[in-house]
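Protein chains in written order, with this note's numbering: chain A, 122 to 331; chain B, 1413 to 1856.
Glycine included, each C-beta is placed from N, C-alpha and C at the ideal position.
Single-structure report; data block below.
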């Protein structure tokens, strides 16, 4: 649809360099027809919001175009996310709770090789293998256990990881503490970061852990 | 006439897929031992729909109702599709079948069949490895019954080891190191492993594990045509003790000095080329993996090892053009010779990997350019050979992905040989690297 620019708003500003926007605007002015459509959704009658290809919107604005070609999509959140992913404005995420080692490797490689990435020095094979083989990966509620794997990913780098991974943790199985040995109970206490477990007897340990 | 021969004879010569599917397949499945409740048509693998999924009958569960844990996946084509081996249509169908077999929902599937009622081929899946279990057979009234019997036997027998020959005609690429550490990491992962040292010139595998020679040496076993020598006497267990009384063990058939004494041509007079295969086939039910360390040079020992193998793993070095050229030669010349001899579709080469050299981006690009040239030259051979999937395992026309698995360079891997303990058991990073290798090629 050929819509008026004044009917369309851009919710979040765009990151593109001024040089690109201004120069592209010059190209657009000579042709006046944006062959690459802007993806919008209707928020009120005759009022639209950009959900994809915001770069084209910014260029059209700089070129002072009166009308632009748009595709009007529906207003669901899924469409919003899909459009941003297809337009390259958002990184698609994989489910770290269930991903295979190949998926983890591919995602990590993408993150490590991004220019200016915080994960620059991380050894891809080691990190991927240790994350994949972590025995309780499907129960992780957040990405913090990765810092304990000693694969070069520290707490400060977790945010960079969150760009490509999300989690759907399974509920943890209820443990029958009575059936475990003292050694296993002490290991569990150590895992959970509980202090003062080493001299305790079995009954005291069970109390500590419940 | 037997039922399946009659059905095959009655098919029109240009039968479309629907006719093959509704007329030929029910009889084929019945002859293979599957009835209505064990056949699931149009099965959703979650990577696409495969024409049929089969599972042998189990008393507590009806496959047709639950649709879980298929054993065999079957992909049908019409007679208009040419399934002769090597045609573009054959490659498409096989690639499709492999995608289905490797989907997470079909982890339990261990067999795959393709057919268009003119050709029929059985594939076996072991972990992530899919290799032919028969050649691509041209079926007719005369042979269909025998072929189906062979397939039925294979499908219904319990799973056996994957026999892997680690080979490259070029020496020094790290065959023994790879074999030892693969065995170690697979054992740590709970698999039963047998390692065979078939390099009598170097005997490196035996010495690097510090294993002594068996009571009846390997030579006598190879000579023992009447099968009087119990195999247990030749096999030696290799055990590692860890902290807290944990131990890991894998079995070794060590090399022996007598194997080095004969001259090459004399071996071929004494031993048949498939003698090693005969011996190892008897051991297949006892293990998950049998790894054979082979010497460089294409002579009696390497040929025997490759003959005994289901698949061939080829280590190379990115900075050694000869290791790459020799890999290409092995794949396009030597392995097909063995396939001709065995006539069961095996062995097949696994995609090559780069083994243990520090690699800069520029060096890797140089290696890739050299590989591109090797692939181009092979296309001009007579007959032309497509080497591409053996070098770039993830290459598709759309992605043009020239990915090659790299085992990174790490000093502790070589250093471990001085201690007679595999690097994988001494160093966590070495363990991670070989675990990545195992997950790339073998384990799902």
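Quiz item: Between the C-alpha atoms of residue 1568(B) and residue 1468(B), what's the straight-line distance to the nearest angstrom?
Solution: 8 Å
Exercise. Classify residue 191(A) as helix, strand or coil using the three-state DSSP reduction.
Key: strand
Quiz item: Applying the criterion that 16 or more other CB atoms from any shown protein chain within 10 Å of the CB defines a buried residue, is residue 1575(B) buried or exposed?
Solution: It is buried - the Cβ of residue 1575(B) has at least 16 other Cβ atoms within 10 Å.
Quiz item: Where do the ends of the beta strand (DSSP E) carrying residue 1853(B) lie?
Solution: Here residue 1853(B) belongs to no beta strand (DSSP E); instead the alpha helix (DSSP H) covers 1840 to 1853.
Practice problem: Using the DSSP secondary-structure output, state which residues sit across from residue 1531(B) in a beta bridge. | Solution: 1550(B)
Self-check item: Length-filtered (4 minimum) alpha helix (DSSP H) runs lying within the stretch 1571 to 1641 of chain B
Solution: 1587 to 1600, 1616 to 1621, 1630 to 1635
Quiz prompt | Minimum Cβ-Cβ distance from residue 1848(B) to chain A less than 9 Å | solution = yes
Quiz prompt | residue 1690(B) beta carbon less than 9 Å from that of residue 1682(B) | solution = no
Quiz item: When DSSP labels each residue in this structure, what does residue 1465(B) get in the three-state scheme?
Solution: When DSSP states are grouped into helix, strand and coil, residue 1465(B) belongs to the strand group.
Practice problem: Express the C-alpha separation of residue 278(A) and residue 232(A) in angstroms, rounding to a whole number. | Solution: 11 Å
Quiz item: Terminal residues of the continuous beta strand (DSSP E) containing residue 154(A)?
Solution: In the DSSP annotation of this structure, residue 154(A) is not part of any beta strand (DSSP E), being labelled neither H nor E.
Quiz prompt | residue 1817(B) versus residue 1848(B) - alpha carbon distance | solution = 9 Å
Self-check item: 3 or more residues per run - each beta strand (DSSP E) lying fully within the stretch 1738 to 1799 of chain B
Solution: 1765 to 1767
Quiz prompt | Which listed residue (1516(B), 1440(B), 1590(B), 1709(B)) has its alpha carbon closest to that of residue 1562(B) | solution = 1440(B)
Practice problem: Could you tell me if residue 1766(B) is buried or exposed, where buried requires 16 or more neighbouring beta carbons within 10 angstroms of its beta carbon? | Solution: Residue 1766(B) comes out buried.
Quiz item: Is the Cβ-Cβ distance between residue 1659(B) and residue 1835(B) less than 9 Å?
Solution: no
Practice problem: Would you list the residues sitting across from residue 215(A) in a DSSP beta bridge? | Solution: Answer is 286(A), bridged to residue 215(A).
Self-check item: Interfacial residues, the stretch 209 to 222 of chain A to chain B, with Cβ spacing under 8 Å
Solution: 221, 222
Quiz item: Beta-carbon separation of residue 1850(B) and residue 1601(B) under 9 Å?
Solution: It is a contact, given that the beta carbons lie within the stated cut-off.
Exercise. Could you name the residues that DSSP lists as bridge partners for residue 173(A)?
Key: 160(A)
Quiz item: Is it true that the stretch 221 to 230 of chain A meets the stretch 193 to 200 of chain A, where meeting means three or more beta-carbon pairs spaced less than 8 Å apart?
Solution: As far as the Cβ criterion goes, the stretch 221 to 230 of chain A does not touch the stretch 193 to 200 of chain A, which means the pair count is below three.
Quiz item: Is the Cβ-Cβ distance between residue 248(A) and residue 217(A) less than 9 Å?
Solution: no
Practice problem: Below 8 Å between beta carbons is the criterion; list the residues of the stretch 245 to 262 of chain A that meet it against any residue of chain B, in chain order. | Solution: 246, 247, 249, 250, 251, 253, 254
Quiz item: Who are the near neighbours of residue 1684(B) in its chain, counting only those whose CB is closer than 7 Å to its CB and skipping five residues on each side?
Solution: none
Quiz item: CB residue 1488(B) to CB residue 1506(B), shorter than 9 Å?
Solution: Cβ distance not < 9 Å, so residue 1488(B) and residue 1506(B) don't count as in contact.
Quiz item: What's the gap between the Cα of residue 1820(B) and the Cα of residue 1802(B)?
Solution: Residue 1820(B) and residue 1802(B): Cα-Cα distance of roughly 20 Å.
Practice problem: Taking C-beta pairs closer than 9 Å, name the residues in chain A that residue 1857(B) reaches, listed in chain order. | Solution: Because chain B spans 1413 through 1856 in this model, residue 1857(B) falls outside it and cannot be assessed.
Quiz item: Identify the residues that DSSP records as bridge partners of residue 141(A): which are they?
Solution: According to DSSP, residue 141(A) bridges with nothing at all.
Quiz prompt | Contacting residues, own chain, Cβ-Cβ under 7 Å from residue 1613(B) (five flanking each side not counted) | solution = 1672, 1707
Quiz item: In the stretch 1810 to 1829 of chain B, which residues sit with their C-beta less than 7 Å from some C-beta in chain A, listed in chain order?
Solution: 1820
Self-check item: 8 Å Cβ cut-off: residues of chain A touching residue 1655(B)
Solution: The premise fails here: residue 1655(B) is roughly 12 Å from chain A at the closest Cβ pair, so nothing lies under 8 Å.
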